[in-house]
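A quick write-up on the structure given underneath.
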Amino acid sequence: MIGQTTMPARPLEPALYIVSTPIGNLGDITLRALETLAVADILACEDTRVTRVLLERYGIRRRAFAYHEHNESEATPRLVEAVAGGKSVALVSDAGTPLISDPGFRLVGAMAEAGLRVIPIPGASAVLSALAVSGLATDSFFFAGFLSPKDGAKRSRLNAVKAIPGTLIFYESPRRLAVSLQAMADELGADRQATVSRELTKTFEEVRRGTLSELAAHYAEADTPRGEIVICVAPPGEPDAPKEADVDTLLLSLSEEMSTAKAAGEAAKQTGLPKGDLYKRLLELKDAQA
Numbered sequence: 001m002i003g004q005t006t007m008p009a010r011p012l013e014p015a016l017y018i019v020s021t022p023i024g025n026l027g028d029i030t031l032r033a034l035e036t037l038a039v040a041d042i043l044a045c046e047d048t049r050v051t052r053v054l055l056e057r058y059g060i061r062r063r064a065f066a067y068h069e070h071n072e073s074e075a076t077p078r079l080v081e082a083v084a085g086g087k088s089v090a091l092v093s094d095a096g097t098p099l100i101s102d103p104g105f106r107l108v109g110a111m112a113e114a115g116l117r118v119i120p121i122p123g124a125s126a127v128l129s130a131l132a133v134s135g136l137a138t139d140s141f142f143f144a145g146f147l148s149p150k151d152g153a154k155r156s157r158l159n160a161v162k163a164i165p166g167t168l169i170f171y172e173s174p175r176r177l178a179v180s181l182q183a184m185a186d187e188l189g190a191d192r193q194a195t196v197s198r199e200l201t202k203t204f205e206e207v208r209r210g211t212l213s214e215l216a217a218h219y220a221e222a223d224t225p226r227g228e229i230v231i232c233v234a235p236p237g238e239p240d241a242p243k244e245a246d247v248d249t250l251l252l253s254l255s256e257e258m259s260t261a262k263a264a265g266e267a268a269k270q271t272g273l274p275k276g277d278l279y280k281r282l283l284e285l286k287d288a289q290a
């Protein structure tokens with residue numbers, strides 16, 4: 001029974017069920033998710049107080065078992081044993097799809113290692129919601145999670161992902177947003193297009209678009225925003241092709257120190273242009289000088 005509506009629920013087979021829950025609007029829950037939460041033998045959640053709000057909204061009366069980063073090591077074997085013993089376990093996080101910057105991947109790994117089934121119950125995801133409304137490329141993307149609060153580690157991570165040929169997606173806390181946007185502008189490129197999505201699916205939902213430098217300047221001046229934040233950054237642009245005059249200058253300079261073939265090879269490394277084309281061009285330049 002869910003609320004005042006009685007719904008027939010099929011018994012669940014023994015397995016771990018990864019259940020996605022709303023990221024804000026409690027209406028964003030699937031019927032399959034409700035059915036799973038209502039009939040699973042064990043309901044494991046990140047915070048029982050948060051999950052209780054969802055359960056009460058749909059009149060699901062049952063106890064939840066706390067599963068979080070602080071008890072993960074001792075709780076995991078118990079849940080694996082429960083599934084091995086014929087029980088069904090539903091895992092939820094505070095919001096969205098479990099395991100995405102939330103505890104749970106060790107539990108899934110332990111279930112798989114024990115030869116037990118893991119079944120996804122798809123639903124809301126802040127990552128995909130923010131990407132969908134960003135207006136940025138969706139054919140390829142990389143979820144980078146939270147950046148380190150330490151400046152050096154933050155910038156090192158940004159440099160590690162800056163050349164990935166896809167939209168970059170980050171989670172960030174409101175109080176670190178302005179600082180992180182400035183670091184992104186410095187390391188990823190001030191003119192790269194980006195979006196800051198806040199409070200998705202909630203009353204004060206906001207999606208702000210602009211270059212990284214524009215967004216960094218805005219949030220440096222604005223009051224600290226509230227709510228969950230997702231940053232999407234456009235893929236890197238194609239590098240500018242070297243100008244013909246610059247290539248000619250490089251070829252002639254290199255040819256003063258090495259053979260024509262080696263000069264063409266070195267120029268190819270520096271410019272990314274085909275060695276054969278550079279070799280022919282250098283011969284033309286030498287003929288013109290003769």
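Residues in the sequence shown are numbered consecutively from 1, following UniProt numbering. From the three backbone atoms N, C-alpha and C, an ideal C-beta is built for every residue, glycine too.
Rounded distance between the beta-carbons of residue j and residue i, thought under 8 angstroms
{"i": "I231", "j": "V196", "result": "6 angstroms"}
{"i": "residue 306", "j": "V127", "result": "Given that the chain is displayed from residue 1 to residue 290, the structure contains no residue 306 and the question cannot be resolved."}
{"i": "L79", "j": "I42", "result": "7 angstroms"}
{"i": "T97", "j": "S20", "result": "4 angstroms"}
{"i": "S180", "j": "K154", "result": "7 angstroms"}
{"i": "A216", "j": "T167", "result": "With 8 angstroms as the limit, A216 and T167 do not qualify as a contact, their Cβ atoms being about 18 angstroms apart."}
{"i": "L37", "j": "L55", "result": "7 angstroms"}
{"i": "R281", "j": "L251", "result": "6 angstroms"}
{"i": "L278", "j": "A261", "result": "Rounded, the Cβ-Cβ distance is 10 angstroms, inconsistent with contact."}
{"i": "F65", "j": "A33", "result": "Incorrect: roughly 17 angstroms between the Cβ atoms, too far for contact."}
{"i": "K162", "j": "L188", "result": "5 angstroms"}
{"i": "A160", "j": "L116", "result": "At roughly 35 angstroms, the Cβ-Cβ gap does not stay under 8 angstroms, so A160 and L116 are not in contact."}
{"i": "P225", "j": "L177", "result": "6 angstroms"}
Buried versus exposed call for residue i [16 or more other C-beta atoms within 10 Å across all chains shown]
{"i": "M258", "result": "exposed"}
{"i": "A288", "result": "exposed"}
{"i": "R61", "result": "exposed"}
{"i": "G59", "result": "exposed"}
{"i": "Q270", "result": "exposed"}
{"i": "T249", "result": "exposed"}
{"i": "M1", "result": "Model confidence at M1 stands at a pLDDT of 48, short of 50, so the residue's coordinates are unreliable; what they give is reported in the following sentence. Its Cβ having fewer than 16 others within 10 Å, M1 is exposed."}
{"i": "E69", "result": "exposed"}
{"i": "P165", "result": "exposed"}
{"i": "S101", "result": "exposed"}
{"i": "E46", "result": "buried"}
{"i": "G272", "result": "exposed"}
{"i": "V53", "result": "exposed"}
{"i": "A130", "result": "buried"}
{"i": "G276", "result": "exposed"}
{"i": "L31", "result": "exposed"}
{"i": "L26", "result": "exposed"}
{"i": "E284", "result": "exposed"}
Which residues DSSP lists as bridging residue i, in chain order
{"i": "G145", "result": "F170"}
{"i": "A38", "result": "For A38, which the question treats as bridged, DSSP gives no partner whatsoever."}
{"i": "I18", "result": "L91, P120"}
{"i": "I229", "result": "E172, R198"}
{"i": "A44", "result": "F65, L91"}
Whole alpha helix (DSSP H) runs in the segment 192-226 with 4 or more residues, listed along the chain? 212-221
Which complete alpha helix (DSSP H) runs does the segment 92-120 hold, if anything under 4 residues is left out? 105-113
Could you tell me which uninterrupted alpha helix (DSSP H) segments, each at least 4 residues in length, are contained entirely in the segment 245-274, listed from first to last along the chain? 260-271
Assess, as a yes-or-no matter, whether the segment 195-212 is touched by the segment 116-130 under the definition of 3 or more beta carbon pairs within less than 8 angstroms. yes
For the 8 angstroms Cβ check, are there 3 or more pairs between the segment 159-176 and the segment 138-151? yes
With contact counted as at least three CB pairs below 8 angstroms, one residue from each stretch, are the segment 184-195 and the segment 205-218 in contact? yes
Does the pairing of the segment 104-115 with the segment 69-79 give three or more beta-carbon distances under 8 angstroms? yes
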